[in-house]
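Student: For the sequence shown, the working numbering begins at 2 and goes up steadily by one.
Got a structure for you, questions after.
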Amino acid sequence: MDELDRKILKSLIEDGRASYREISKRVGAPPATVHARVKKLMSLGVIKGFAPVIDPVKLGLELTALILVRASGPYLVEVEKDIAEYENVCAVYDITGEYDIAVVARFRGREELNRFVKRLLAHRHVERTFTSIVLNVVKEDFTPRP
């Protein structure tokens with residue numbers, strides 16, 4: 002990846018709907034070059050897709066929780082895959098420390114969170130959970146900067 006690729010990625014991060022012509026003006030390269038570079042970045046898996054950035058609060062998902070999970074050792078991957086299928090789950094991380102899994106999930110309210118945690122605890126290979134509720138989002142941006 003060279004400097005032009007980085008400029009193109011930065012431009013797409015700013016506006017994923019920009020045309021190749023608009024991007025070409027920003028990065029100083031012909032539209033055909035920009036198009037070819039974007040195709041290359043997609044084929045390499047650098048660009049995984051194009052999607053809107055949605056405000057979860059506007060969808061009624063006002064509560065974000067960080068849930069740490071301790072799972073039975075040999076079943077860790079199974080538990081992670083099961084948790085990843087839950088509708089409210091945004092992220093599942095395999096972590097080190099006292100707990101094995103970190104989960105980020107969004108909910109409409111405390112009752113929905115309560116049902117979710119009880120569902121987790123009912124999983125036959127989940128030993129324990131620890132839940133924290135996010136009070137205020139200071140920064141939330143999972144897009145890596147090229």
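Each residue gets a CB set at the ideal place from its N, CA and C atoms; glycine is no exception.
Could you name the residues of the same chain whose beta carbon sits closer than 6 Å to that of residue 27, not counting the 5 residues immediately before and after it, in chain order?
Tutor: These residues qualify, in order along the chain: 12.
Student: Starting from the Cα of residue 126, find the closest Cα among 68, 79, 14 and give me that residue.
Tutor: 79
Student: Any heavy atom of the ligand NAP inside 6 Å of the beta-carbon of residue 46?
Tutor: Among the ligands in the structure shown, none appear at all, so the ligand NAP cannot be discussed.
Student: Exposed or buried, what is residue 52 when buried is set at 16 or more other beta-carbons lying within 10 Å of its beta-carbon?
Tutor: Exposed: under 16 other Cβ atoms inside 10 Å.
Student: Taking 7 Å as the limit between beta carbons, can you name the residues of its chain near residue 5, skipping five residues before and five after?
Tutor: So the list reads 28, 30, 38, once near-sequence residues are dropped.
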